[in-house]
Amino acid sequence: MSSRRQFLQSSALALAASALDWRALLAQPVRPGQPDPLTLVRGTVGTFTGRGGTIGWHIDAKSVVVVDSQYAATALTCLDAVNARTQSRAIDYLVNTHHHGDHTGGNGVFRPAARKILAQRNVPVLQRAAAERAAKAPQPGVTTPPPEQVYADTLFDKTWREPVGNEVMSLTYYGPAHTGGDAVITFERANVVHMGDLVFNRRQPVLDRPGGSSIAGWVRVLEGVLRDHPTDTIYIFGHAGTNFPATGSRADLEVQRNYLTALLDFTRGEVKAGKPRDVVVKFAEPLPGFPDHGPLTERVLGAAYDELTSGT
Ligand SMILES: [Zn+2]
């Protein structure tokens, strides 16, 4: 490259940096010609979809927040993209919506860049217990080393709220649902909410009873989120079925609530009909009324059966 062309390019970059504000940086990929893996949702908030739970982010001139960390490899891609937009400013908060490995497995990648890792108080306890269970019961024939566990260092019980740059971020724990430590993260100005795995948009949910899940609790939690947010809130979902988006509206939360209610009703009917557990879990068809979610699985029906018959 000629020195003149180099000069023109670096001048253009300098001009861009001085003349455009940070909103321009948000609006376009920083590396020309390369696809930007960050998708803007609204205002200063967006998503990154790699492998595992959808990552959320908030970036403005004064602050950087990342919600969830997927696994190490995709966390690196995400961190790289965030750094490109922020000129590698420190991340004020890495938030973990809950303890599952596809939401915390990249914590170690973000750790050096993040001032604080924030989660509900139960999350490190559940994360440690899950790692110990996995170490005790390795998959037969699989000798992969257990992933490095990096834990949240800043914990809250019921609510947490703080300004982050020009945004206000609030976290709420509504009670046991997908796990025993799900945080709902609201970016108040952008009016965007990260739901973690409280919404599996049109696919079978993960019901983690050892991790503290409760289907009945999950229904109540979704009612709480719907009650606490306005009609035009945009929600980010941890997971979505093939051909369904990782963001949506309160109508999608209502579908998730209705699905979980119907799952309990359906399984209760099977129990009342006197069917044993090993028969109930074999119903490999979609839950009646919810064809988009695909066939029910033994794990989903087993969790519903156990919840109904154990009384917890
Ligand atoms: Zn999860």
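At position 25 of the sequence shown (counting the first as 1) the number is 24 in numbering that gives the first Met the number 0, and the numbers step up by one without a gap. For glycine and all other residues, C-beta sits at the position ideal for the given N, C-alpha and C.
query                                                                                               : result
For residue 272, three-class secondary structure by DSSP                                            : coil
Residue 66 Cβ short of 7 Å to ligand 1 heavy atom set                                               : no
Selected residue, minimal CA-CA separation from residue 102, among 38, 188 and 47                   : 47
Supposed contact pair residue 221 and residue 197 - C-beta distance, whole angstroms, cut 8 Å       : 7 Å
8 Å Cβ cutoff met for residue 258 and residue 292                                                   : yes
Any chain D beta carbon closer than 8 Å to residue 210                                              : The chain labelled as chain D is not found in the depicted structure, where only one protein chain is given.
Check: residue 299 C-beta below 7 Å from any heavy atom of ligand 1                                 : no
The stretch 236-248 touching the stretch 259-266, judged by at least three CB pairs closer than 8 Å : no
Pick from 50, 36, 58 and 51 that is closest to residue 188, judged by C-alpha positions             : 58
Reduced DSSP category for residue 309 - H, G, I as helix; E, B as strand; rest coil                 : helix
Same chain, Cβ closer than 8 Å to residue 21, five either side skipped, listed in chain order       : The predicted position of residue 21 is uncertain, since its pLDDT is 48 and thus under 50; no value can be drawn from it.
For residue 118: DSSP bridge partner residues                                                       : 154
Length of the line joining the Cα atoms of residue 92 and residue 271                               : 48 Å
Cβ pair residue 78, residue 108 closer than 8 Å                                                     : yes
Residues near residue 223 by beta carbon distance below 6 Å, same chain, minus five either side     : 173
Helix, strand or coil at residue 91 [DSSP, three-state]                                             : strand
heavy atom of ligand 1 below 7 Å from residue 97 C-beta                                             : yes
Near ligand 1: residue 183 beta-carbon under 7 Å from a heavy atom                                  : no
CA nearest to the CA of residue 289, picked from 84, 132, 302 and 202                               : 202
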